[in-house]
Amino acid sequence: MRNQLILILSLSALNATPALALTNQVAPTSCQSQRVQLQMLGTRGPEFLDESASTGYLIWLDNKARVIVDAGPGSLQRFKQSKANYEDVELMLFSHFHADHSADFPAYVKGGFFTGRTKTLDVIGPSGAEFVSSAEQFVERAVGKKTGMYPYLGDFIDPDGSSAYKIQTSNIPWSSKNLSIKEVFHKNGVSVKTVPTYHGPFPSVGYRVELAGCVISFTGDMSGRLAAMPNLAKDSDILVAHNAIPENATGIAANLHMTPSYIGKMAKEANVKKLLLTHMMKRSFAAKPETQKIIEELYKGEVVFPNDLDVFNP
Ligand SMILES: [Zn+2]
Numbered sequence: 002m003r004n005q006l007i008l009i010l011s012l013s014a015l016n017a018t019p020a021l022a023l024t025n026q027v028a029p030t031s032c033q034s035q036r037v038q039l040q041m042l043g044t045r046g047p048e049f050l051d052e053s054a055s056t057g058y059l060i061w062l063d064n065k066a067r068v069i070v071d072a073g074p075g076s077l078q079r080f081k082q083s084k085a086n087y088e089d090v091e092l093m094l095f096s097h098f099h100a101d102h103s104a105d106f107p108a109y110v111k112g113g114f115f116t117g118r119t120k121t122l123d124v125i126g127p128s129g130a131e132f133v134s135s136a137e138q139f140v141e142r143a144v145g146k147k148t149g150m151y152p153y154l155g156d157f158i159d160p161d162g163s164s165a166y167k168i169q170t171s172n173i174p175w176s177s178k179n180l181s182i183k184e185v186f187h188k189n190g191v192s193v194k195t196v197p198t199y200h201g202p203f204p205s206v207g208y209r210v211e212l213a214g215c216v217i218s219f220t221g222d223m224s225g226r227l228a229a230m231p232n233l234a235k236d237s238d239i240l241v242a243h244n245a246i247p248e249n250a251t252g253i254a255a256n257l258h259m260t261p262s263y264i265g266k267m268a269k270e271a272n273v274k275k276l277l278l279t280h281m282m283k284r285s286f287a288a289k290p291e292t293q294k295i296i297e298e299l300y301k302g303e304v305v306f307p308n309d310l311d312v313f314n315p
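Take 2 as the starting number for the sequence shown in this note's numbering and just add one per residue.
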């Protein structure tokens, strides 16, 4: 900090526009918004609601697709429409392993066979439980040679296999007792941090993706019970929050998902600049005006209900 200050002062003395030099030096990590885009690959939940795809997001850096978040049904079609190159994608993050967040994964693997991809694809997701796979189990159960649904794709995870590239999967240990923020990926200018979230009996995680000084966070499916997400999303340029229920939801739905008022409080507490509401279901879709009103009473930033393929700069 002291060195930085000396640099600022010396630059200020030399420069005809000291204010500009000051801005450049004191905020070296400010968001370089034009370098980063967040694109919607799917904005709906599991229902047959309309023509939109189930959950999926794509983060671009310097005009290259770098990170996929979730791979719900139909999101691969949107990936193709986005004109992204599969070869450029370094990382696939899964919030949890419900079908509406992960069913297109084997199709990505199969489609990827016909690309020129040679570099390893990292896959990261939470650990498992009784009725849901861990990330490692999910990939093994999808394409493993012995136990996979599609054993013919097993070379992609077999170190001795002849595939042109490999898929490398790791679990994020989920625990409601350890809510500290963990960095789970750091490569080529992209950092990913995570905390456990509460989604009923299904281990689920939120993500904070940092790149080019910008921050994009994702709640995944969650209720607010563990209360760790506002901390993870602190000062995000964009927070993608799953709006699966209306305010008056009760029972199982309210145990699995967060209410609009929780979303509003979270966005305010985290001081996010823009809030995107996705993972719409029939019940929340019908309540959009009411939801928007509730959230805007609590949170003063921009609130958007995006559609598939929409692109946002942080
Ligand atoms: Zn879910």
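All C-beta atoms in this analysis are idealised placements derived from N, C-alpha and C, irrespective of residue type, glycine included.
Quick caveat, the model's predicted, so the values are computed rather than measured.
Inter-residue spacing [alpha-carbon to alpha-carbon] between residue i and residue j
{"i": "D51", "j": "D309", "result": "11 Å"}
{"i": "P127", "j": "P204", "result": "6 Å"}
{"i": "I1", "j": "M41", "result": "Given a span of 2 to 315 for the chain in the structure shown, any question on residue 1 remains unanswerable."}
{"i": "K81", "j": "Y109", "result": "10 Å"}
{"i": "L257", "j": "P197", "result": "14 Å"}
{"i": "T24", "j": "T30", "result": "In this prediction, T24 has a pLDDT of 36, which is less than 50 and means its spatial position is unreliable; nothing more can be read from the coordinates."}
{"i": "G73", "j": "E298", "result": "32 Å"}
{"i": "I295", "j": "P261", "result": "7 Å"}
{"i": "E303", "j": "K274", "result": "7 Å"}
{"i": "P147", "j": "Y153", "result": "According to the sequence displayed, residue 147 carries Lys and not Pro. Rounded to the nearest angstrom, the two C-alpha atoms are 10 Å apart."}
{"i": "N272", "j": "A85", "result": "31 Å"}
{"i": "V305", "j": "V144", "result": "37 Å"}
{"i": "M93", "j": "G221", "result": "14 Å"}
{"i": "V206", "j": "A165", "result": "31 Å"}
{"i": "N64", "j": "M230", "result": "29 Å"}
{"i": "R36", "j": "G190", "result": "12 Å"}
{"i": "K178", "j": "S192", "result": "24 Å"}
{"i": "L233", "j": "A213", "result": "18 Å"}
Buried or exposed (CB count within 10 angstroms, at least 16 for buried), residue i
{"i": "I236", "result": "The residue asked about is misnamed: residue 236 is Asp in this sequence, not Ile. Exposed, by the Cβ-count rule."}
{"i": "F219", "result": "buried"}
{"i": "E131", "result": "exposed"}
{"i": "F98", "result": "buried"}
{"i": "P290", "result": "exposed"}
{"i": "V312", "result": "exposed"}
{"i": "F49", "result": "exposed"}
{"i": "S53", "result": "buried"}
{"i": "Q38", "result": "buried"}
{"i": "H187", "result": "exposed"}
{"i": "D161", "result": "exposed"}
{"i": "P315", "result": "buried"}
{"i": "M282", "result": "buried"}
{"i": "S103", "result": "buried"}
{"i": "I69", "result": "buried"}
{"i": "T292", "result": "buried"}
{"i": "T121", "result": "exposed"}
{"i": "I182", "result": "exposed"}
Cutoff 7 Å; reference residue i; Cβ partners in own chain excluding five residues on either side
{"i": "Y116", "result": "The amino acid at residue 116 is misidentified as Tyr; the sequence shows Thr. Cβ neighbours of T116 beyond the five flanking positions: Y87, E88."}
{"i": "P174", "result": "S128"}
{"i": "Y300", "result": "G265, A268, K269, L276"}
Contacts around residue i, its chain only, beta-carbon distance under 8 Å, and the 5 residues preceding and following it disregarded
{"i": "S171", "result": "D123, V124, I125, A136, E137, V185"}
{"i": "V140", "result": "F106, V124, I158, I168, T170"}
{"i": "S163", "result": "D156"}
Contacts around residue i, its chain only, beta-carbon distance under 6 Å, and the 5 residues preceding and following it disregarded
{"i": "S76", "result": "L42, G43, A54, G57, D105"}
{"i": "G225", "result": "M259, Y263"}
{"i": "H280", "result": "G46, T56, H243, A245"}
heavy atom of ligand 2 below 8 Å from residue i C-beta
{"i": "V193", "result": "No copy of ligand 2 appears in this structure; the ligands present are ligand 1."}
**Sequence ranges, alpha helix (DSSP H) only - wholly within the stretch 139 to 195, length at least 4** = With a minimum length of 4 residues, no continuous alpha helix (DSSP H) run stays inside the stretch 139 to 195.
**Item:** Lining residues of ligand 1 - beta-carbon closer than 7 Å to any non-hydrogen atom, in sequence order
**Value:** The answer, residue by residue, is H97, H99, D101, H102, H200, F203, S205, D222, L257.
**Request:** Jot down the residue ranges of each uninterrupted alpha helix (DSSP H) in the stretch 84 to 109, minimum 4 residues, whole runs only, in chain order.
**Result:** Here the runs fully enclosed are 100 to 103.
**Minimum length 4: unbroken alpha helix (DSSP H) runs contained in the stretch 263 to 311** = The qualifying runs are 283 to 286, 289 to 299.
**Message:** To test your reading of the DSSP string, which unbroken beta strand (DSSP E) runs of 3 or more residues are found completely within the stretch 193 to 268?
**Reply:** The qualifying runs are 205 to 212, 215 to 219, 239 to 243.
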